[in-house]
Structure formats: structure tokens, C-alpha cells
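Asker: Sending over a structure as C-alpha cells; questions will come in a sec.
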Amino acid sequence: MNTQTKPVSEINRQATHILFKEMGSVDTIRFLNQFSIGQGDYTKERDSWLNGISMNDAIAEIKAGKNQ
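At the far end of the sequence shown sits residue 70, using this note's numbering, and the numbering has no gaps.
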């Protein structure tokens, strides 16, 4: 068992190497992109997408879509 503490940069390097080796470059990049910092203001964007739709209306739309 390795009890020596590694720097975070070394852990990141090792983990990235393992991901590339095991998953390939495309899937590794797709996986890592999930954790990148986005841009914009999600709350404002979400409000514009919902455009005043109530929670009950949203749930009804989801249920209607599942029944089709």
C-alpha cells in the first residue's frame, strides 16, 4: 500500500494517462469536458428557456412526451 502523499498535479497526470490508455482519446476528452467550467449565467438562461412555464406545466409536458 502506498502511504506517501502525491501532489495533485501528479495525481491528475496519472489519472489522465490511465483514462487515455483505457478509454481512448475521444472518450477521455468527452469525460473530462463534463468537469470544465462553463460560461454564462445558467440561471438567467434557464429562465429564458422556461419562459414562465410553471413546474406543473413542465411535469405535464414531460408526462405527455413519455406517453407518445
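Heads up, the beta-carbon is just placed ideally off N, CA and C, and yes, glycines get one too.
Predicted model, so just to flag it, every value in this text is computed and none were measured.
I need the DSSP call for F2, collapsed to helix, strand or coil.
Answerer: Outside the shown range of the chain, which is 3 to 70, sits residue 2, and nothing can be said about it.
Asker: Less than 8 Å separating the beta-carbons of F33 and L52?
Answerer: In the sequence shown, counting from the first residue as 1, residue 33 sits at position 31. In the sequence shown, counting from the first residue as 1, residue 52 sits at position 50. Not closer than 8 Å, so no.
Asker: How is T7 classed by DSSP in three states: helix, strand or coil?
Answerer: For the purposes of this step, residue 7 is taken as the residue at position 5 of the sequence shown. Correct three-state label for T7: coil.
Asker: How many angstroms separate the CA atom of G40 from the CA atom of K65?
Answerer: Taking the first residue of the sequence shown as position 1, residue 40 is located at position 38. Taking the first residue of the sequence shown as position 1, residue 65 is located at position 63. Taking the straight line from one Cα to the other gives about 30 Å.
Asker: Note the first and the last residue of the continuous alpha helix (DSSP H) segment covering G49.
Answerer: Looking up residue 49 in the sequence shown gives position 47. Here the sequence assigns Asp to residue 49, which means Gly is not the residue at that position. Looking at the DSSP string, the run of the alpha helix (DSSP H) that includes D49 is Y44 to L52.
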